[in-house]
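See below for the structure under consideration.
Residue numbers (the working numbering): 1 to 231.
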């Protein structure tokens, strides 16, 4: 047992290590606390996605072979939803016991029973420092392009312990991360619906004149979102 209680670490380190599955745990590193909640919900869903249709077999093959890989796919194509089949394949079970640890949700005595743990970058770093993440574990890094000092440290610590990386992003150039994390493959999905394309109007006016009463009335009348880019 720990002599000093850190509420964001498993309360019983020995129990946590002993309860880990032979395949290792899935540790999902999320960029924000809100993302933790989204991922937790997504892992419980079974939905058909564009990513699954285009790369489903490849994803499961890479996951089952123990290889690290990256997924670069646009928002709404199913990156986050792919975490569930990836986890089921690696853990060799559909019984996913999912838990979240972040600033709002502490580790509990039930934490050792989780085989999928979702944490923010800061919590992941503390787990690395305490030895709670090992080479058996698989690190799933969501939105890897949202770089921070904590995330970069987690990547380095994950490499040091020898964990496998599966990383997800909508916008990143995959070249660097594929090389840095030793990825066996990078799967890419591109989706574009011309019917959803936004209309762009360029108006050459001074910023203070642009947001005048006429413009605001039009926005209110059309009842839709408007993006305004000012110098």
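Beta carbons are placed, not taken as given, at the ideal position from N, Cα and C, and that holds for glycine.
On the three-pair Cβ rule with 8 Å, is the stretch 68-78 touching the stretch 5-14? No, the stretch 68-78 is not in contact with the stretch 5-14.
Leaving out five residues before and five after residue 36 in sequence, what residues of the same chain have Cβ atoms less than 6 Å from its Cβ? By one-based count along the chain shown, residue 36 stands at place 36. Closer than 6 Å at the Cβ level, and outside the excluded window around residue 36, lie 30, 100, 102, 118.
Cβ neighbour criterion (16 or more within 10 Å) applied to residue 109: Within the chain shown, residue 109 is the residue found at index 109, counting from 1. Exposed, by the Cβ-count rule.
Apart from the five residues on each side of it in sequence, which residues of its chain come closer than 6 Å, Cβ to Cβ, to residue 168? Locating residue 168 in the chain shown gives position 168, counting from the first residue. Counting only Cβ-Cβ distances below 6 Å, and skipping sequence neighbours, we find 71, 79, 142.
Contact under 7 Å by Cβ, residue 32 with residue 81: The residue labelled residue 32 in the question sits at position 32 within the chain shown. The residue labelled residue 81 in the question sits at position 81 within the chain shown. Going by C-beta atoms, residue 32 is not nearer than 7 Å to residue 81.
Helix, strand or coil for residue 141 per DSSP? The residue given as residue 141 occupies position 141 in the chain shown. DSSP places residue 141 in strand when its eight states are reduced to three.
Excluding the 5 residues preceding and the 5 following residue 40 in the sequence, name in chain order all residues of the same chain whose CB lies nearer than 7 Å to its CB. The residue given as residue 40 occupies position 40 in the chain shown. The answer, listed in chain order, is 98, 100, 118.
The stretch 195-204 contacting the stretch 52-71, beta-carbon criterion three pairs below 8 Å: no
Using three-state DSSP, classify residue 164 as helix, strand or coil. On the chain shown, residue 164 is found 164 positions in, with the first residue counted as 1. Three-state result, residue 164: strand.
Coarse secondary structure for residue 35, derived from DSSP in three states: Looking up residue 35 in the chain shown gives position 35. Secondary structure at residue 35: helix, using DSSP grouped into helix, strand and coil.
Go through its chain and collect everything with a Cβ distance to residue 165's Cβ below 6 Å, but skip five positions before and after it. Looking up residue 165 in the chain shown gives position 165. Around residue 165: 68, 139, 181.
Give, in chain order, every unbroken run of the alpha helix (DSSP H) that is at least 4 residues long and sits entirely within the stretch 66-111. Fully contained in the stretch 66-111 are the following alpha helix (DSSP H) runs of length 4 or more, in chain order: 83-91.
Beta carbon of residue 187 nearer than 7 Å to that of residue 65: Reading the chain shown from its first residue, position 187 is the one you call residue 187. Reading the chain shown from its first residue, position 65 is the one you call residue 65. No. Outside cutoff.
Nearest to residue 93 by alpha carbon, out of 22, 224, 16, 150? Reading the chain shown from its first residue, position 93 is the one you call residue 93. Taking only the C-alpha atoms, the option nearest residue 93 is 22.
Check whether residue 112 and residue 15 have beta carbons under 7 Å apart: For the purposes of this step, residue 112 is taken as the residue at position 112 of the chain shown. For the purposes of this step, residue 15 is taken as the residue at position 15 of the chain shown. A contact, by the Cβ cut-off of 7 Å.
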